[in-house]
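Undergrad: This structure is in structure tokens; I'll ask about it shortly.
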């Protein structure tokens, strides 16, 4: 996730949507400490832990099931790792992320491959491309949490990259 953001962006603001305890924020900051990271998460406890990592300029409690509290085009990139499995409406959530990404910006998200198929996410991506000025790349399934006791290698994720066209 961090590579997909930092290869696209050398400076600017990045929204870590569903930042959890801040692991992705740390990985981004290690690769590019000049990026301005903003984190949001539904869990107050996770937000507290993310703040303690000292890589975010701000971290707040927010649900991705609600409209994002940010103006159109206010972020150079949006990252959303391991969260889409938990939102009520994946298409609406991704549309909001596209809305807050600036023209020329990037949205990078992961989604469990089993739920990708179940939710017909290919059709969602096609609608997003048709309804927004974005291109989309969907990866082949990748390991989710390799060697994890609970998930092992059974659950995989796809990476979704949505690039907004420049003005």
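Numbering (this note's numbering), first residue to last: 22 to 188. For glycine and all other residues, C-beta sits at the position ideal for the given N, C-alpha and C. Owing to the predicted nature of the structure, the values given are computational and were not obtained by experimental measurement.
Under 7 Å between the Cβ atoms of residue 97 and residue 126?
TA: Here residue 97 is taken as the residue at index 76 of the chain shown, counted from 1. Here residue 126 is taken as the residue at index 105 of the chain shown, counted from 1. Yes, Cβ-Cβ distance for residue 97 and residue 126 is below 7 Å.
Undergrad: Compute the Euclidean distance between the alpha carbons of residue 180 and residue 160, then round it to the nearest angstrom.
TA: One-based indexing of the chain shown puts residue 180 at position 159. One-based indexing of the chain shown puts residue 160 at position 139. The straight-line gap from Cα to Cα measures roughly 5 Å.
Undergrad: Using the three-state DSSP reduction, which class does residue 79 fall into: helix, strand or coil?
TA: Within the chain shown, residue 79 is the residue found at index 58, counting from 1. If DSSP states are grouped into helix, strand and coil, residue 79 belongs with the strands.
Undergrad: Hey, residue 80 and residue 72: beta-carbon distance below 7 Å or not?
TA: As a first step, residue 80 must be located in the chain shown, where it is residue number 59. As a first step, residue 72 must be located in the chain shown, where it is residue number 51. Yes, the Cβ-Cβ distance between residue 80 and residue 72 is below 7 Å.
Undergrad: Which residues in the same chain have their Cβ closer than 6 Å to the Cβ of residue 94, if we skip the five residues on either side of it in sequence?
TA: Your numbering for residue 94 matches position 73 in the chain shown. The residues are 123.
Undergrad: Does DSSP classify residue 149 as helix, strand or coil?
TA: Position 128 of the chain shown, counted from the start, is the residue given in the question as residue 149. Helix at residue 149.
Undergrad: Considering only the beta carbon of each residue, do residue 112 and residue 145 sit closer than 7 Å?
TA: Mapped onto the chain shown, residue 112 falls at position 91. Mapped onto the chain shown, residue 145 falls at position 124. Closer than 7 Å, so yes.
Undergrad: Between which residues of its own chain and residue 92 is the CB-CB distance below 8 Å, once the five residues before and five after are set aside?
TA: For the purposes of this step, residue 92 is taken as the residue at position 71 of the chain shown. The answer, listed in chain order, is 121.
Undergrad: Who are the near neighbours of residue 134 in its chain, counting only those whose CB is closer than 7 Å to its CB and skipping five residues on each side?
TA: For the purposes of this step, residue 134 is taken as the residue at position 113 of the chain shown. Only 162, 177, 178, 179 meet the Cβ criterion.
Undergrad: What does the alpha-carbon distance come out to for the pair residue 115 and residue 50?
TA: Within the chain shown, numbered from 1, the residue matching residue 115 stands at position 94. Within the chain shown, numbered from 1, the residue matching residue 50 stands at position 29. For residue 115 and residue 50, the distance between alpha carbons rounds to 23 Å.
Undergrad: Using a Cβ-based criterion (distance less than 6 Å to any ligand heavy atom), does residue 86 qualify as near the ligand GDP?
TA: Only the bare structure without any ligand can be found here, which leaves the ligand GDP out of the picture.
Undergrad: Which two residues bound the contiguous alpha helix (DSSP H) that contains residue 71?
TA: As a position in the chain shown, residue 71 is number 50, starting the count at 1. Where residue 71 is concerned, the enclosing alpha helix (DSSP H) stretches over 65 to 73.
Undergrad: Whose C-alpha, out of 65, 56, 152, 86, is nearest the C-alpha of residue 78?
TA: Position 57 of the chain shown, counted from the first residue, corresponds to residue 78. Measuring from the Cα of residue 78, the nearest candidate turns out to be 56.
Undergrad: Across which residues does DSSP place residue 133 in a beta bridge pair?
TA: Position 112 of the chain shown, counted from the start, is the residue given in the question as residue 133. In DSSP, residue 133 forms a bridge with 178.
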